[in-house]
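A short worksheet on the structure shown next.
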Amino acid sequence: MVKFRSLFTAVVAGVAALAGTAKAQTAAPNAAYVNAPVMQRIPDAPKPGSGHCGLFETCASTKIGLGRGDFMIRLSGVGVLPQDRDSKAWLTAPGLGLNHMPLSHTHLSTTNQAMPELTVEYFITDNLSVDLIATSTRHEVAALGSDVPSLGGPRKLDVGSAWVLPPTVTFAWHFRPHKRFNPYVGVGATAMWFHNMNGNRGSALGLTKLNAGFTGGPSVNVGFDYQIVGNWFFNADVKQMFVRMHAWVENPAESLKVKAHESLDPTVVSAGIAYRF
């Protein structure tokens, strides 16, 4: 009986102690509780590269430099500077008994021209690319020399004008692939078509019909690409083309003809903006 009373007393004392502690904690004026919300679903981790990158932004996902598989379109301003080397001219006038008479003191002069140029380029490997340029420029042609006055014309005879379409394919070797600054050298080939040719209607010698043959030749170039921002690049390029021109001008009756062979050898300087796809 005594043991039962002792056990009961101990239980009552323990319950009282626990109740007192709970009451003290409830009554404590500085007690703080944080109610954490119950998360119904753990959110998915963000996918790599899912962030938006603007057209004019360089982001973590932006590829630096150029390399294999890259395709570019470039719009440039181009200056075409004919060199007019090694010019030779001949006169044919059957009525005067002249047939292919050399005009030793006469040469052709072709004006410089500036136009926009479109270029497409593809990188076959990290270092090797192939590109094609397309533009068309209009040039004035004149004959200069002491032989012209001897034929009854001025010292400078305005022959006429012609448009030139010189598509050029170039294979270039790039020295610093996957770098912002990437210089290169290249070799290629140029073809030249002359179109919309017009002779000088007021020619003193009546030589109003201008014609030129299709021609072409090799070319070399040097330049660089620089990544400005995102997929935008700045390009500067200099090409030297080695092309001979075969042209002739005659009067409407074809009784007087001047034929010329000339090494145009134009130097082509360009600078522009490119976008990589």
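According to mature numbering (1 follows the signal peptide of the UniProt record, and there is no 0), the stretch in the sequence shown is residues -24 to -1, 1 to 253, in order.
No residue lacks a Cβ here, since even glycine has one placed at the ideal position from N, Cα and C.
Computed from a prediction, not measured in an experiment: that's the story for all the values here.
Just to confirm my understanding: we take residue i, look at its own chain, exclude 5 residues before and 5 after, and list those with CB closer than 6 Å. What are they?
i, result
"V205", "F32 and T34"
"S179", "none"
"T184", "G175 and R177"
"residue 263", "For residue 263 there is no data in the structure shown, the boundaries of the chain being -24 and 253."
"H81", "G121, S122 and D123"
"T87", "H115 and E116"
Quick check on residue i: buried or exposed, where buried means 16 or more other Cβ atoms within 10 Å of its Cβ?
i, result
"S105", "buried"
"V161", "exposed"
"residue 290", "This structure leaves residue 290 out entirely; the chain is present only between -24 and 253."
"R50", "buried"
"T201", "Reading off the sequence, residue 201 comes out as Asp, not Thr. Flag for D201 reads buried."
"S246", "buried"
"T101", "exposed"
"G41", "buried"
"F151", "exposed"
"P78", "exposed"
"D213", "buried"
"N197", "buried"
Taking residue i as the reference, give the member of the options with the closest Cα.
i, options, result
"T95", "R114, A138, S239 and P143", "P143"
"L68", "A36, L133 and K233", "It should be pointed out that residue 68 corresponds to Thr in this sequence rather than to Leu. Out of A36, L133 and K233, K233 has the C-alpha closest to the C-alpha of T68."
"V241", "D60, N211 and K39", "Checking the sequence shown, residue 241 turns out to be Asp, not Val. The shortest Cα separation from D241 among D60, N211 and K39 belongs to D60."
"G71", "N197, R252 and A229", "A229"
"S231", "G30, D62 and L181", "L181"
"M168", "L133, K235 and T113", "T113"
"E226", "L133, Q203 and V244", "L133"
"P58", "A90, H28, G30 and S37", "A90"
"T243", "V54, H28 and G45", "V54"
Is the distance from the Cβ of residue i to the Cβ of residue j below 7 Å?
i, j, result
"V117", "V140", "no"
"A138", "F170", "yes"
"A119", "L74", "no"
"E97", "T111", "no"
"W224", "N187", "yes"
"S52", "G199", "no"
"K64", "H237", "yes"
"G43", "P159", "no"
"F47", "F253", "yes"
Near residue i, which residues of its chain fall below 8 Å by C-beta distance, leaving aside the five closest residues on each side in sequence?
i, result
"S195", "T144, T146, V163, G164, A165, T166, K215, Q216, M217 and F218"
Roughly how far, in whole angstroms, is the beta-carbon of residue i from the beta-carbon of residue j, given that I think they are within contact range, below 8 Å?
i, j, result
"R220", "G193", "7 Å"
"residue 271", "Y251", "Outside the modelled stretch of the chain, which goes from -24 to 253, sits residue 271, for which no answer is possible."
Nearest chain B C-beta to residue i closer than 7 Å, yes or no?
i, result
"L94", "Among the protein chains of the structure shown there is no chain B, as only one such chain exists."
Cutting at 7 Å between CB atoms, please list the residues of its own chain near residue i, excluding the five before and the five after it.
i, result
"H222", "A188, G189, T191 and H237"
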